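Enquirer:
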Amino acid sequence: MRPDQGSSCSSALNYICRETSWNIQSFFYFPNEDKGRTDLMHPKRIRPVQHIRAMPRGSSRPQKILFSDGRQYIVKFKNNARQGTRALVNEYVAGQLAQLLSLPVPRFKVVDIPKTFIQSNKILSQYAFTPGHQFASEVIHPCEQLPETRPIPKELNIVNRSQCPGIVVFDQWIHNIDRLKRNVLLQPQPRKGGYKLYIIDHGHSFSFETPSHKRRCSWTPYTLKFLPQKIKPNSLYNWIARHARNSDDFFKFVDHIQRIPDERICQIIASIPHDWNVSRGERTALFTYLQRAKKRLPRLIARYLRKS
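Residue numbering for the sequence shown follows my numbering, beginning at 1 and increasing consecutively.
#1: Near L297, which residues of its chain fall below 8 Å by C-beta distance, leaving aside the five closest residues on each side in sequence?
#2: With distances taken Cα to Cα, identify the nearest neighbour of V75 among L97, I200, K154.
#3: Taking contact to mean 3 or more Cβ pairs, one atom from each stretch, closer than 8 Å, check whether the segment 131-142 and the segment 76-84 are in contact.
#4: Along the chain, where does the alpha helix (DSSP H) containing R86 start, and where does it finish?
#5: For R86, tell me which candidate among N121, R283, L185 has the shortest Cα-Cα distance.
#6: Return the CA-CA distance between A293 and K122, expressed in angstroms with no decimal places.
#7: Along the chain, where does the alpha helix (DSSP H) containing F117 start, and where does it finish?
#8: Got a sec? Which residues, its chain only, sit under 7 Å from K192 by beta carbon, not counting five neighbours each side?
#9: Return the first residue and the last residue of the alpha helix (DSSP H) that Q126 is part of.
#10: Is the beta carbon of S207 sitting closer than 8 Å to the one on H243?
#11: Only counting the same chain, and skipping five residues up and downstream in sequence, which positions put a Cβ closer than 8 Å to that of R306?
#12: Under the DSSP definition of a beta bridge, which residues are partnered with S137?
#13: Which class does Q25 belong to by DSSP, given the choice of helix, strand or coil?
#14: Shortest alpha-carbon distance to L185 belongs to which of H204, S308, I152?
#15: Please list, in chain order, all residues of the same chain as S59 whose beta carbon is under 7 Å from its beta carbon, the five residues on each side excluded.
#16: Classify N246 as buried or exposed, calling it buried when 16 or more other Cβ atoms lie within 10 Å of its own Cβ.
#17: Kindly give me the distance between the Cβ atoms of I268 and L97, rounded to whole angstroms, as I take these residues to be in contact under 8 Å.
#18: Output the distance between the C-alpha atoms of S205 and T149, rounded to the nearest integer angstrom.
#19: With DSSP run on the structure shown, which of helix, strand or coil describes K44?
#20: Quick check: the segment 225-241 against the segment 104-115, are there 3 or more CB pairs under 8 Å?
#21: By how many angstroms is the C-alpha of Y198 removed from the C-alpha of Q187?
#22: Please specify which runs of the alpha helix (DSSP H), each continuous and at least 4 residues long, are wholly inside the segment 179-255, giving them in chain order.
Set out below in structure tokens:
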């Protein structure tokens, strides 16, 4: 199902459409702008019931909200002042790709928050959030976070340690520049005598640092042309790497990524909600980036392992 790696994005899309008998317009063009293709990935809708509280951390001003399915979610709103709507796009695409790789991300949904719910909550009104589609990540309970100012305990038993090398490979593919200790959750597993590790907060995927070292979520087709670059080792990546037996544990995930059909990636990008304002050109650029990064992964991971 994969086109030749040297093909342009348009050639790849034409290949996919020819093989599946789909029209190329059905991927990145929506005649019915009120609906788009969001329903392809989110058939079951839930509604907000109660605003619980604003989260104490997070530049996107995340909010904890109870929904009609009885679960609590951390919701990022599309027009948050600091990260903007593009952070939701990054969260959504990264989350979908992580699920394809069976990586440990919390369950998430695109939810519709109506104007009446925002107006009835003082905090949401203060932030001037706009109604429409938002990104909601299910709360992991109970959970703990890694110590930010102290070394990670060596005796910490991670029950899903086989997934750890995939986190490094995945972050390289999506060019996540924000994998810090606070973006990892540990859920106690009493029966197994350890913790299940979850990765959260992918708002800085496909992102870049400015010359003044400010991180930007708002990628463009132009900025994507300069990616991927080799991710920088840090104490968390070093700790994650210790859970690998050898380099084969990393390259197993490289192979998995390279086997993801381009059609599946197209479907994910096409299902980005229309009110997140991602144009056809931007969707095509994102698809092109993921193809290019997929091709470069073996070399980038080999370089990372040599220098980490």
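All C-beta atoms in this analysis are idealised placements derived from N, C-alpha and C, irrespective of residue type, glycine included. Please read these numbers as outputs of a predicted model, since none were measured by experiment.
Expert: Put simply:
#1: Take L297, set aside five residues on each side of it, and the residues of its chain with a beta-carbon closer than 8 Å to its own are V169, Q172, W173, V254, I257, Q258, in chain order.
#2: It is I200 whose Cα lies nearest to the Cα of V75.
#3: Short answer: they touch.
#4: For R86, the enclosing alpha helix (DSSP H) covers residues 86-100.
#5: Of the candidates N121, R283, L185, the one whose C-alpha sits nearest the C-alpha of R86 is R283.
#6: Using only the alpha carbons, I get a separation of about 43 Å.
#7: Per DSSP, F117 is one residue of the alpha helix (DSSP H) stretching across 115-119.
#8: Cβ neighbours of K192 beyond the five flanking positions: V159.
#9: 122-126 is the span of the alpha helix (DSSP H), which, as asked, contains Q126.
#10: Contact annotation: S207 and H243 have beta-carbon atoms that are not nearer than 8 Å.
#11: For R306, where only same-chain residues beyond five positions count, there are no Cβ hits under 8 Å.
#12: DSSP, once it has assigned bridges, lists I74, F108 as partnering S137.
#13: Confidence in Q25 is poor, its pLDDT being 44 and thus under 50, which makes the residue's placement unreliable; the coordinate value appears in the next sentence. In this structure, Q25 counts as helix in the three-state DSSP scheme.
#14: A check of alpha carbon separations from L185 across H204, S308, I152 identifies I152 as the nearest.
#15: Its chain contains R82, Q83 as the residues whose beta carbon lies nearer than 7 Å to that of S59, once the 5 sequence neighbours on both sides are disregarded; these appear in chain order.
#16: Around the C-beta of N246, fewer than 16 other C-beta atoms lie within 10 Å, and the residue is accordingly described as exposed.
#17: That belief holds up - the Cβ atoms of I268 and L97 are roughly 7 Å apart, short of 8 Å.
#18: Distance between the alpha carbons of S205 and T149 is about 24 Å.
#19: Looking at K44 - three-state DSSP - the assignment turns out to be coil, as it is neither helix nor strand.
#20: Fewer than three beta-carbon pairs drawn from the segment 225-241 and the segment 104-115 are found closer than 8 Å, and the two stretches are therefore not classed as touching.
#21: Each residue's alpha carbon lies about 8 Å from the other.
#22: Qualifying alpha helix (DSSP H) stretches, in chain order: 221-224, 235-241.
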